[in-house]
Amino acid sequence: MSTVANDVIIVTSSLTRDMIEKEDSHRGPAMRALCKITDVNEVQEAVNNDNIMVQYHALDLLYQIRRTDKYAIRKLIVKFSKAGFRSPYAFFFLIRIAANLINEEGEGRDSPMYDFIDSCLRHKNEMVIYEAASTIVSLKCVAPKELSSAVNVLQLFISSSKPVLRYAAVRTLNKVAIQYPAAVTACNVDLET
163 MSTVANDVII
173 VTSSLTRDMI
183 EKEDSHRGPA
193 MRALCKITDV
203 NEVQEAVNND
213 NIMVQYHALD
223 LLYQIRRTDK
233 YAIRKLIVKF
243 SKAGFRSPYA
253 FFFLIRIAAN
263 LINEEGEGRD
273 SPMYDFIDSC
283 LRHKNEMVIY
293 EAASTIVSLK
303 CVAPKELSSA
313 VNVLQLFISS
323 SKPVLRYAAV
333 RTLNKVAIQY
343 PAAVTACNVD
353 LET
């Protein structure tokens, strides 16, 4: 369609509007249609959009286009981890992609993917911080001593005024305690209060 249509911008604009719309039934088909018709350059421009949902969906679309090329996915993560996003959803997605690469290739702490996830522990958004901590805890190749930064963040969340953060931290620390009980001994006092 993109090679035939004269006004591709109208079609892509309409599909992008469908992706942002509150109606969930339009999002999936719009994303699938965009995968078929859009040029990668247009998607890369959409990643820089000010709207957080446009950023997230553009990143997802870019990933779907390049998902078979591991090297391109690595470049994508490195590029956007340095550039940054306004969208916390885009950060969630990048963290999950990086974790998948680490788990598939058995990389450890020396990986740039791990460095990106670790840097998200210092993000300004609490949910991005939690996602990074939860991801570090669930990595297959993580050693008990490498859990300390994630456990420290989760320990801070235990004393949060937000019940959701407290619950999420306790639940994640429970998963850590099952596998590495010594890693969470410093949190025992906070967990009991």
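All residue numbers for the sequence shown refer to my numbering, where the first residue is 163 and numbers rise by one. Every residue, glycine too, gets a C-beta built ideally from N, C-alpha and C.
Per the C-alpha coordinates, the member of E266, F319 and E269 positioned closest to V290 is F319. V299 places its beta carbon less than 8 Å from that of L309.
Within the region 230 to 281, no run of beta strand (DSSP E) reaches 3 residues while sitting entirely inside it. By the C-beta density criterion, P250 is buried, having at least 16 other C-beta atoms within 10 angstroms. Relative to the Cα of A208, the nearest Cα in the group K198, L223, L301 and I199 belongs to L223. The straight-line gap separating the alpha-carbon atoms of A294 and T230 is approximately 24 Å.
Residue state for T355 is assigned as coil, using DSSP reduced to three classes. Residue state for N210 is assigned as coil, using DSSP reduced to three classes. In this model, K324 and V173 are separated by some 43 Å (Cα to Cα). Taking the Cβ atoms as the reference, V313 lies roughly 6 Å from A345, within the contact range of under 8 Å. Per the C-alpha coordinates, the member of R248, F254 and L221 positioned closest to L238 is L221. DSSP, reduced to helix, strand and coil, places N287 outside both helices and strands of the structure shown, so it counts as coil. In its chain, beyond the 5 residues on either side, F247, C282, H285, N287, V290 and E293 have a beta carbon closer than 8 Å to the beta carbon of F253. A residue is called buried when at least 16 other Cβ atoms come within 10 angstroms of its Cβ; V216 meets this threshold and is buried. Ranked by Cα distance from I235, the options G270, T178 and A260 are led by A260.
A straight line joining the alpha-carbon of Y342 with that of E185 spans about 43 Å.
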